[in-house]
Each structure stands twice: as C-alpha cells, then as structure tokens.
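Protein chains in written order, with the numbering used here: chain H, 2 to 120; chain L, 172 to 284; chain A, 961 to 1286. C-beta: ideal position from N, C-alpha, C; glycine also. Bear in mind the structure is a predicted one, so any value in this text is a computation, not a measurement. Taking it in order: structure first as structure tokens, then the write-up.
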Amino acid sequence: MKLLELLGYYNYWVFAVVLTVGLYAVIRKRNLIKKLIGLSIFQSAVFLLYITMDKVEGGTAPIIQKGVPDQVFSNPLPQVLILTAIVVGVSTLALGLAMVVRIKESYGTIEEHEILGAD
Amino acid sequence: MIELALDVVSWVLLAVGGACVLIGGIGGLRLPNFYTRIHAASLTDTMATLLIFVGMMLQSGLSLATLKLFAIMLFLLLTGPTATYALANAALLSGLKPEGDTGQSKHGENTQP
Amino acid sequence: MIYVFALFLLTLLVITAVAIVRTENLFVAVMLTSIFSLLMAANFFILDAADVALTEAAVGAGVTTVIFLSALALTGDWEKPRPGGRTVALGTVGVLAMLLIYASFDKPRLGDPEAPVHQHVAPWYLEKTPEYMDIPNVVTAILSSFRGYDTLGEVFVVFAACIGVLFILGVKPARQTAAAPQPVSGLRHHLIPQVVGRLLVPFIVLFGLYVQFHGEYGPGGGFQAGAIIATGVILYALLEGEAEALRAVPRSVLLALVVGGALLYGAVGVVCMLKGGAFLDYSVLAADPVFGQQLGILVIEAGVGMAVCGALLSIFHAFAARESMT
C-alpha cells in the first residue's frame, strides 16, 4: 500500500522534473529556437499536472453510456481546459517562431548574445 | 474449448510479436551502422505489428473493435515500411554510403542517428 | 498493471525531455519533441483523457513538428554551445524541482475521488449533461456549451495568432528584390512515399471529418478534427510541393475558413440573443431546448474545426512561402 501511494505521487514528480528541465532550457540556452522548445516542454509539464488531477480511481473517460448504471467518470473539466490549451499553445508557438525567423533575417543569427552584441 | 484454443493462439501471437519488438529494439541499439539498424527497426513495423494485431483481434472476437484494429493494422503496415524506405532513401541521398563494415571503424561517427 | 506501464512511459518522458535539452542539433531536438508529444499523449490516454490524447497526438506530434521544421529550414540546424559553468542555472532549477516535489506531498493521491477538484462543478456537469444536452461525451458538452465563452475566447486567440503570423511573415524580405519563386518539386524523386501518401490523404481527411461530427458521441470535436484535416493537407503539401497544395486549397479559402469559423461561432451567440436567450445559450435555438443545445453544439464545433484547420494551414503556408522568398 505504501508503495502504491508513492506511485501515485510519481506523476507529480515527473511534472516537477519535466517543468524544471524546460525552465533550464529557457534560462540557460541562448539559441532562441531552443528556448522555444524549452517553453513548449514547460507547457507540456503543466498539461500533465492538470490531466493527472482529473483521474478518478476506477473511472473511465467521461463518455456516458446509456443503460450502464453506476459509472464512475474521471473529471471532464481539466480535460476541457487542456484540450483548448494545446491548440492555443501551438498557435502561440508559431507566432514565436515567426518572430525568430524575422530576427534571423534582420540580424543573421538567432543566438541571444550575438543579437545583443549587434544592437 | 474453442475459446480456450483461441486464447492460447492469441497469446502465442502476442508473445511472439512482443519478442519481435524486443529483437527490433536490441537490433536498433546494437547493430553497427545506420542501414542495418533500420533493417532491425523495420521488424517492429511489419512482423511485430502483424502478430500483435492478429493476436488482439482474436482477443476481441467478432465486434466493431476488430474492424477498427484491422484498419489500424492496415494503416501501420502501409506507413511503417514507407517510413523506413523514406529514411533509407534520405540517408542515401544525403551521402551516407551503405558499406559492409562491422562497426568499430572510421565510420563510427556517421552511424549516430 | 496499467500503472506500471504509466511508470515506464513517464520515465521515458523525463529521459526524452533531458535529451531534448542536451542535444545541440536542433533537428534532433525537434524530432525528440515529436516523440515527447507522443509519449505525453499515451500518458493522457492512461489518465482517462481520450479527447486530450487525440489532440496532443494530432497537434503536438504532427503539426508542431512540421512548423518547427519549417522554421528550422529558415534559421539553421545547429545551436552554438554556451561556454562557462552551468552551476547557477542548474542550481536554480534544482532548488525549484526540490520545492515542487516537496509540495507534491500535500497534493491528493492520484485517483483520489475525495480530491477537492472533484467536489466543485464537475459532478454537476456530469449529472446535468444528459438532462440538458443528451449527448454522451461530457467533454464536448462542457467545451461547447457550459464553458462556451471560454472556448470562444480560445478560438479568437487562435485566430489572432494566425493573423499575427501572417503579418510577421507576410512582409517582403528587405535584402533581396523579390526573386521569382522557383517551383517546389516536393518529393518527385521519392516515388514510394508519394504513392502511399496519395493513398492515405483522403482517408486522413475522412477520419478528420469523422472526428468532427462524431465528437458528441465519442472522443473528438472541432479542435482535434481541425488539426487532423490540417495534417492531411500538410502531408499533401509535403508530397506534391507547396504550390500544388495551394492549388487544391488556396490561400483565400484558408483565410475564409479562419474568419468564417470564428464568425460562425460568434454568430451563433448573437442568434441566441436575437431569439431571446443569453449569449451562447443554445436552448432557444429550437422549440425543444435539448435539440437546441445539440444544434448549437454541432454548429459551433463546425466553427471551431474550420477556424483551427484554417489557422494551422495558414501558418504552415506562411512559413513555407518564406522559404522560397529568401
């Protein structure tokens, strides 16, 4: 039982580690594309946290089947929030990439220190 | 009786399919150069897919799930080898020559994926 | 048993994330990001979020990778290594990770039915969905009706991001005089992928339509369908060249999809108001409130699908056109 409880926290630990790995790329790497990749990893970690919270023991995906009594469903609300967030995430990511492309055209580089040096 | 036989057959298929995935994985890690590696990896695309999906279809019996599994299998059998082919073709076009060397050689760094 | 598998997948997730950050080849990093998304989708599925898994697989592993690759083609594949110690950065994120792990012991156990998140409005949604909408998929019901305002906002964010990308990348590059765009051949010399791809494209689009209109009954809906159809058209563009894809689905059609989708969503809300209800209260759309709700959900899901599909394809074409411009 003790082991199972620890397993239950594993999702949160993975969230913590993946989040910080993404953050590390954002603060340490100087390549702008790498920073954006780090940002999307960070974002995915947050998605994992939300979806972890929606799970109910013995539950199924929240699709109601008629005539089946006493069904247990996982929480649909975090799923809705994350579903829309994923699509919004990719469109904002594309916006960031578009800016990086323009920076490359103007400065000839996408390394942060070289851009700051050129200014 | 017939159910037991179906069960046994499907589990044998699933186990052999799993073994194929394992062999493909080991081959992908251990074989000396790029072309032999994708040769090993393609085992998972074809043989393992076929075995595992037939095994699962036997498990699910005659239902809508079987039809869906069949459609997915068809899709994987079409795309897997195509992806392997595209990968090999891209490697060849970018100048990686398939040579019969055995690994611990000067081509070592070329073989990194 | 499934939790052991989840454990395995989560561990792979961490390894992939570390590998993405460590590699200096951005192309490899993008490919690993695609694997990361696929692993994440599998995790979502294990955690009972079928709709989210479908979205993550279509968007994260499909569209994001293509957009990243088309940006990489414009900026270069290699990252320059950063000299100097990384103690400060590692220390900062290490402390943060420790704090988060420490905080995780206060969180409810995985799957605890008594957790606060399951006590608030979620049971009400689950209970009222059969009564108000009579559709099986509660996620779709919440997405498009209970929280319709929220989704309207998200659609407009996608719309705004798409317009932003078009503005940023639509400007002619300063240095060159606009060179005649050379015809892109696509994969002309790759016969087998082309033949198989041609075979698959109609089925991908068909599957996208199925996901769109089956969204009330199974996992699916406008967001997923838009992404799936967009990947189908992007596959076509990769196989036949961008010009050919633009001939099949021209830019004007894409813009019409984006604008029309967002407008359709808003218009449904306005029609609801004209018929005497509140904004986005679909019950007034038909004589029978339940049928009204179903009608409203169907129409706004179509709007969402159009907007997402159009936006993703416009973004893809904006990046691809930039390639031939410079």
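Residue i - containing alpha helix (DSSP H), residue span
i: residue 1184 of chain A; result: 1182-1200
i: residue 180 of chain L; result: 173-201
i: residue 1287 of chain A; result: It is not possible to answer for residue 1287 of chain A, since the shown part of chain A is limited to 961 through 1286.
i: residue 1116 of chain A; result: 1108-1130
i: residue 1011 of chain A; result: 1010-1015
i: residue 1083 of chain A; result: 1082-1092
i: residue 224 of chain L; result: 220-231
i: residue 244 of chain L; result: 235-264
i: residue 212 of chain L; result: 205-214
i: residue 1061 of chain A; result: 1047-1064
i: residue 1212 of chain A; result: 1211-1234
Residue i - partner residues in DSSP beta bridges
i: residue 1071 of chain A; result: H/57
i: residue 1097 of chain A; result: H/64
i: residue 985 of chain A; result: A/1038
i: residue 112 of chain H; result: H/32
i: residue 48 of chain H; result: Per DSSP, none; premise fails for residue 48 of chain H.
i: residue 74 of chain H; result: H/61
Test: residue i CB closer than 8 angstroms to a CB of chain L
i: residue 970 of chain A; result: no
i: residue 1169 of chain A; result: no
i: residue 962 of chain A; result: no
i: residue 1156 of chain A; result: yes
i: residue 952 of chain A; result: With chain A covering 961 to 1286 only, the question about residue 952 of chain A has no answer from this structure.
Burial state of residue i (16 or more Cβ within 10 Å)
i: residue 188 of chain L; result: buried
i: residue 234 of chain L; result: exposed
i: residue 1182 of chain A; result: buried
i: residue 1063 of chain A; result: exposed
i: residue 1269 of chain A; result: buried
i: residue 1143 of chain A; result: Residue placement at residue 1143 of chain A is flagged as unreliable, the pLDDT there being 48, under the threshold of 50; the coordinate-derived value follows with that caveat. Label assigned to residue 1143 of chain A: exposed.
i: residue 1127 of chain A; result: exposed
i: residue 173 of chain L; result: exposed
i: residue 51 of chain H; result: buried
i: residue 1176 of chain A; result: buried
i: residue 1266 of chain A; result: buried
i: residue 1099 of chain A; result: buried
i: residue 284 of chain L; result: Because residue 284 of chain L carries a pLDDT of 47, less than 50, the predicted location of this residue cannot be relied on, and the following value inherits that uncertainty. So residue 284 of chain L counts as exposed.
i: residue 1153 of chain A; result: buried
i: residue 105 of chain H; result: buried
is_contact[residue i, chain A] using C-beta, thresh 8 angstroms
i: residue 71 of chain H; result: no
i: residue 108 of chain H; result: no
i: residue 253 of chain L; result: yes
i: residue 206 of chain L; result: no
i: residue 224 of chain L; result: no
i: residue 105 of chain H; result: yes
i: residue 40 of chain H; result: no
i: residue 24 of chain H; result: yes
i: residue 64 of chain H; result: yes
i: residue 56 of chain H; result: yes
i: residue 47 of chain H; result: no
Beta-carbon proximity of residue i to residue j, cut-off 8 angstroms
i: residue 1112 of chain A; j: residue 1226 of chain A; result: yes
i: residue 208 of chain L; j: residue 214 of chain L; result: no
i: residue 98 of chain H; j: residue 40 of chain H; result: no
i: residue 87 of chain H; j: residue 43 of chain H; result: no
i: residue 1179 of chain A; j: residue 1014 of chain A; result: yes
i: residue 1164 of chain A; j: residue 1201 of chain A; result: no
i: residue 1109 of chain A; j: residue 1240 of chain A; result: yes
i: residue 1257 of chain A; j: residue 1104 of chain A; result: yes
i: residue 265 of chain L; j: residue 229 of chain L; result: no
i: residue 1157 of chain A; j: residue 1264 of chain A; result: no
Chain C contact for residue i (CB, 8 angstroms cutoff)
i: residue 1152 of chain A; result: This model lacks chain C altogether; the protein chains it does include are H, L and A.
Within-8 angstroms CB hit, residue i to chain H
i: residue 1122 of chain A; result: yes
i: residue 1202 of chain A; result: no
i: residue 1191 of chain A; result: no
i: residue 1174 of chain A; result: no
i: residue 1197 of chain A; result: no
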